[in-house]
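**Student:** Pasting a structure here, questions to come.
Protein chains in written order, with my numbering: chain A, 95 to 369; chain B, 423 to 1075.
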């Protein structure tokens, strides 16, 4: 099994590299005999999540993330890594279920300090998401299925876009700490686990892109404004070599806001979705 | 020639026609009315002719008015009537017929000759005859019958009298169920010969009045099988006057007969039948005089001795009437005063004076009342004065000294003597002595009322104090109980405010008890009662504070969907308004209650707290963005109240 896998994987890689990514060089990647874990990278993400109500059932999902990475001299915040814009139109089916469909424009900065390639390249995605929110006693649980269709390119000059799909599932829990329910002035803790798989021609031996384990502590300022901060550990196979795993520790800071600019008279019945 | 003959008459006709124009215009046009009309208790449909003179309606021509309701008859009872006759220049004139009655029906109907027939039962009045210039003329019949199943069951009353221009003539006959009166008049209407009353049961006469040209010489009547004779005017001398045989004349007879053994016949027999007849004629007169001018009266004439009043006597009579009315206005309230009736049981003087008032009332005022009544009936001038006056006090006149027995054996009676008693003598039987008595009664009552009213006022005040004090104590107890029951549950500011209210009430009560008993103290008590009511209501407003704040905070919540938690959360809205209430107004109110409270501002403060709360509840649903902007940084409670559109706080200060 392993033999067969190895052969086909190597052949695939070589074929792909020959046809579509000549700039990646002629070297064939060889899987190590044991998985190798790279040194963890330290990162800081500052994320804003906007959820702007536009009608009784529709909302605009607007997220902007600023992702920093360590440099040799500065842990966590040494350099900008990505600026990430995620937008979608969401549909509230019920209190327990909503879906979103939209696009992402991510600006990737070249964080390889030694690289002479381009400093900045864009990355495009189309994404859709299906989220279930289920209360369990005073705790809220969430299942999030997110599928992304992603076009990326390397920093090298004239590098071509490659297309991959990402398959993401996240399970998250929010536990109120100083209250029996969620309301303003509630502090909650939110552990979450997300598994990100990828597929595509270029994905040969590394379908497990990322496993993210995060815990944040949040504080609800008002029903429309919440802040949270926490730490995330993640690991996943590198695309180049499925035997090599990247790791990271990320400090995450989140700002959640959900303004509602609708007229008062339109707002009134909107809270009962099942009406 | 031929042409002339034809044209001349035509010209004349045109000329006559033109000349007649002004005559037609000035002549009065007859108008007709047909529609609803109300005449005393009769209400129905009328049709009549009339003319207008200025703004006056002058009835002239046929008149007809009627009513009957089958529906009313079948449901319960119908008062139907039908009047018809004729007017001439507003006077009833010509043949008149009156029919009225009240009927019931058993609601059973039958069809006879293509008509529904319903049998009725009831009483029917019927009168008919001629009228000339508003007065009866010719034979008049008045008939009252009891109808049963549409048939006459019994004649209750019947009178047949012949008139000439309103003056009764010849013989007449008046009967009711039990007796019949027969008598006659001279041509001038004066009663003459024997008027006899026959009892229907044995057809014997039971009463005879002997008239001679209007003079009633004697009355014979039977009582218990015995015939009694009363002589009235046996041999009249001196001046006389012709008058109607009415209640006034009967009163004169009573006065003349007052020494006689029995007067009771004057309320039955002939007088009763005459009165019944007069009452029935009055019914017709009421109808006719409601429409036009009429004098529809029996007008039976009699003569009586005449003793005219001179001007001095007339003045005395007026004075007596005035003094009598004044005295009754004093004595009646005193005798009927429940407070005095209780007070006199414990107060000897009050008891004595009350008895004096009672004695004055029975010995002076009641006879004087009779005298006043005689004057009103105009009978004074038909009875000799001394006979009249002495008749008023058959047991002798009282003196100026009014003796009151103590009621206990062996104790001498107490005597009341009114002001000016020594100058008065009541001995003479004339109007002067009656006037003296009236004056004496009046001034005596004045002096007694002065004493008794003082006593009553004092007693009333005493009772007022007791009831006011009871009320005040109950109020303060109630207030303290309320404060005790709520204080432990309240924040300290509210608690302090309540204890200040309690202290104010106690101070007020202490102040009251240190006052001297006078009318100012009563006023103070009344003001305190009002004050305690206000303090109670203020303390309720204060103790409701935390509860109200909760209600407000609850009400100023908006349900908001939080998409990140996926839950609905309550959001506090219009925070500036609630904050102004919580942080500025409530402390302001409590400070007032703690430091600046008195009886004059307690009510205003309580009311302001209540209305502020009510206003807060209203503001939740109002558009307030402008107000909220103005509230930013506003810390002045008076300004905030103004922004909330609440009344000025002048009264609170």
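All C-beta atoms in this analysis are idealised placements derived from N, C-alpha and C, irrespective of residue type, glycine included.
Among the residues of its own chain, which have a CB less than 7 Å from the CB of residue 598 of chain B, if the five just before and after it don't count?
**Tutor:** Contacts found: 578, 579, 695, 698.
**Student:** Assess contact between the region 238 to 249 of chain A and the region 951 to 962 of chain B, defined as three or more Cβ pairs (one per stretch) separated by less than 8 Å. Is contact present?
**Tutor:** These segments do not touch.
**Student:** Based on Cα-Cα distance, which residue from B:469, B:1017, B:717, B:975 lies nearest to residue 925 of chain B?
**Tutor:** Minimum Cα distance to residue 925 of chain B is reached at B:1017.
**Student:** Just how far apart, CA to CA, sit residue 211 of chain A and residue 252 of chain A?
**Tutor:** Cα to Cα, residue 211 of chain A sits roughly 10 Å from residue 252 of chain A.
**Student:** Does residue 1034 of chain B come out as helix, strand or coil in the three-state DSSP assignment?
**Tutor:** Note: residue 1034 of chain B maps to helix in three-state DSSP.
**Student:** Would you verify that the beta carbon of residue 1000 of chain B is, or is not, closer than 7 Å to some beta carbon of chain A?
**Tutor:** Answer no: the Cβ-Cβ gap between residue 1000 of chain B and chain A never drops below 7 Å.
**Student:** Return the bridge partner residues of residue 726 of chain B from the DSSP annotation.
**Tutor:** Paired residue(s): B:663.
**Student:** Check the DSSP bridge columns for residue 643 of chain B and list the partner residues they point to.
**Tutor:** Answer by DSSP bridge pairing, in chain order: B:629, B:650.
**Student:** Just to confirm, are residue 538 of chain B and residue 531 of chain B a CB contact at a threshold of 7 Å?
**Tutor:** Their beta carbons are under 7 Å apart, which means residue 538 of chain B touches residue 531 of chain B by this criterion.
**Student:** Rounding to the nearest angstrom, what Cα-Cα distance links residue 668 of chain B and residue 618 of chain B in this structure?
**Tutor:** Their backbone Cα atoms lie some 18 Å apart in a straight line.
**Student:** How is residue 1022 of chain B classed by DSSP in three states: helix, strand or coil?
**Tutor:** Correct three-state label for residue 1022 of chain B: coil.
**Student:** Rounded to whole angstroms, what is the Cα-Cα separation between residue 989 of chain B and residue 1042 of chain B?
**Tutor:** For residue 989 of chain B and residue 1042 of chain B, the distance between alpha carbons rounds to 24 Å.
**Student:** Could you tell me which residues DSSP puts in a beta bridge with residue 559 of chain B?
**Tutor:** DSSP, once it has assigned bridges, lists B:552 as partnering residue 559 of chain B.
**Student:** Output needed for residue 191 of chain A: all residues of its chain with C-beta closer than 8 Å, excluding positions within five of it in sequence on either side, in chain order.
**Tutor:** Once the five neighbours on either side are set aside, the close Cβ partners of residue 191 of chain A are 224, 225, 226, 227.
**Student:** Give a yes or no on whether the minimum CB-CB distance between residue 986 of chain B and chain A is below 7 Å.
**Tutor:** Yes, residue 986 of chain B counts as interfacial toward chain A.
**Student:** So which residues on chain B does residue 234 of chain A lean against when the C-beta distance must stay under 8 Å?
**Tutor:** Going along chain B in sequence order, the residues near residue 234 of chain A (Cβ under 8 Å) are 987, 988, 989.
**Student:** Tell me, which residues are paired with residue 836 of chain B by DSSP?
**Tutor:** Residue 836 of chain B is bridged to B:826.
**Student:** Is it true that the CB of residue 738 of chain B sits closer than 7 Å to the CB of residue 853 of chain B?
**Tutor:** Cβ distance < 7 Å, so residue 853 of chain B and residue 738 of chain B count as in contact.
**Student:** Determine the DSSP secondary structure at residue 129 of chain A, reduced to helix, strand or coil.
**Tutor:** Coil, per DSSP.
**Student:** Please identify, using Cβ separations under 9 Å, the residues of the region 889 to 907 of chain B that lie next to chain A, in order along the chain.
**Tutor:** Listed in sequence order: no entries.
**Student:** With a threshold of 7 Å on Cβ separation, who are the neighbours of residue 717 of chain B within its own chain once the five nearest residues in sequence on each side are excluded?
**Tutor:** So the list reads 556, 557, 588, once near-sequence residues are dropped.
**Student:** Using only alpha-carbon positions, find the residue among B:847, B:870, B:804, B:848 that is nearest to residue 780 of chain B.
**Tutor:** The residue with the shortest Cα to Cα distance from residue 780 of chain B is B:870.
**Student:** What residues match up with residue 347 of chain A in a beta bridge as DSSP calls it?
**Tutor:** In DSSP, residue 347 of chain A forms a bridge with A:140, A:323.
**Student:** List the residues of chain B that residue 346 of chain A touches, going by C-beta distances under 8 Å, in chain order.
**Tutor:** Under the 8 Å cutoff, chain B gives no residues; its nearest Cβ is about 15 Å from residue 346 of chain A.
**Student:** Just checking: is the beta-carbon of residue 993 of chain B within a distance shorter than 7 Å of some beta-carbon in chain A?
**Tutor:** Chain A, which has a Cβ nearer than 7 Å to the Cβ of residue 993 of chain B, makes this yes.
**Student:** Here's the rule: buried if 16 or more other CB atoms are within 10 angstroms of the residue's CB, otherwise exposed. What is residue 522 of chain B?
**Tutor:** Counting Cβ neighbours within 10 Å, residue 522 of chain B comes out buried, since at least 16 surround it.
**Student:** I need the straight-line Cα distance from residue 641 of chain B to residue 782 of chain B, nearest angstrom please.
**Tutor:** Spanning the two alpha carbons is a distance of roughly 37 Å.
**Student:** Could you tell me whether the Cβ atoms of residue 553 of chain B and residue 515 of chain B are closer together than 7 Å?
**Tutor:** Contact: yes.
**Student:** If I follow the unbroken alpha helix (DSSP H) through residue 970 of chain B, where does it start and stop?
**Tutor:** From DSSP, the alpha helix (DSSP H) with residue 970 of chain B extends over 967 to 977.
**Student:** Quick one: which chain B residues come within Cβ less than 8 Å of residue 145 of chain A?
**Tutor:** Simply 985, 986.
**Student:** Could you list which residues in chain A have their beta carbon closer than 7 Å to that of residue 982 of chain B, in chain order?
**Tutor:** What residue 982 of chain B touches in chain A: 317, 318.
**Student:** Please list the partners that residue 227 of chain A has in chain B, where partner means a Cβ-to-Cβ separation under 7 Å.
**Tutor:** Those are 988, listed as they occur along chain B.
**Student:** Report the partner residues of residue 259 of chain A according to the DSSP bridge assignment.
**Tutor:** Paired residues: A:243, A:293.
**Student:** In the DSSP output, what is residue 993 of chain B paired with across the bridge?
**Tutor:** B:980.
**Student:** Can you give me the C-alpha to C-alpha distance between residue 108 of chain A and residue 158 of chain A, rounded to a whole angstrom?
**Tutor:** Model confidence at residue 108 of chain A stands at a pLDDT of 45, short of 50, so the residue's coordinates are unreliable and nothing is read from them.
**Student:** Going along chain B in order, which residues have a C-beta closer than 8 Å to the C-beta of residue 277 of chain A?
**Tutor:** Near residue 277 of chain A (Cβ distances below 8 Å), the residues of chain B are 991, 992.
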